[in-house]
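Peer 1: Numbering (the working numbering), first residue to last: 54 to 220.
If you scroll down you'll find the structure; I have some questions about it.
In structure tokens form, the structure reads like this:
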């Protein structure tokens, strides 16, 4: 009988130990799930941070680029005027034309495009009307003349075209 009692006590001890181990395993599983959840959240936050930082850098770069190019556009305007000015010195004229072409190539390589105006329909997103005229040869809201060229970088207008609109 005593042996049975000892066996029962040992079995009870083992059962208690087993129950305790199961509790520890469950506690550790819960802790592991919480840690995995925190890790996933931190990884998602970090990924969002990287995306947000990249967008901010791109926006800042785009803004700085457009600011710099906007400052250079009057120089381009003056070069274009110099290229069309009458002169007897052909070497001088050719030199100005080469500098103008190089300047335009550099701007083009940076994504700067001229806004088409003459013969196009007036669009306030791209054009700034400074005058209007009645011309029966042109359609309604058709651009007759361009005073100052407009430019874009990508889809962003950095300077509107100044135009005369017909009818």
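Every residue gets a Cβ at the ideal spot worked out from N, C-alpha and C, and that includes glycine.
Evaluate residue 204 with the Cβ neighbour count: other Cβ atoms within 10 Å of its Cβ, from every protein chain shown; 16 or more gives buried, anything less gives exposed.
Peer 2: So residue 204 ends up on the buried side.
Peer 1: Looking only at its own chain, which residues have a Cβ that is under 8 angstroms from the Cβ of residue 130, when we skip the five neighbours before and after it?
Peer 2: Only 201 and 202 meet the Cβ criterion.
Peer 1: With DSSP run on the structure shown, which of helix, strand or coil describes residue 194?
Peer 2: Three-state DSSP puts residue 194 in coil, outside helix and strand.
Peer 1: List the whole-angstrom C-beta distance separating residue 218 from residue 196, where the pair is believed to meet the contact cut-off of C-beta under 8 angstroms.
Peer 2: With 8 angstroms as the limit, residue 218 and residue 196 qualify as a contact, their Cβ atoms being about 6 angstroms apart.
Peer 1: Within the continuous alpha helix (DSSP H) that includes residue 157, where are the two ends?
Peer 2: It spans 143-162 - the alpha helix (DSSP H) in which residue 157 sits, taken as one unbroken run.
Peer 1: Compute the Euclidean distance between the alpha carbons of residue 110 and residue 95, then round it to the nearest angstrom.
Peer 2: Near 22 angstroms, if we compare the C-alpha coordinates of residue 95 and residue 110.
Peer 1: Hey, residue 171 and residue 215: beta-carbon distance below 8 angstroms or not?
Peer 2: Cβ distance not < 8 angstroms, so residue 171 and residue 215 don't count as in contact.
Peer 1: For the beta strand (DSSP E) containing residue 169, list its first residue and its last residue.
Peer 2: Here residue 169 belongs to no beta strand (DSSP E), and DSSP marks it neither H nor E.
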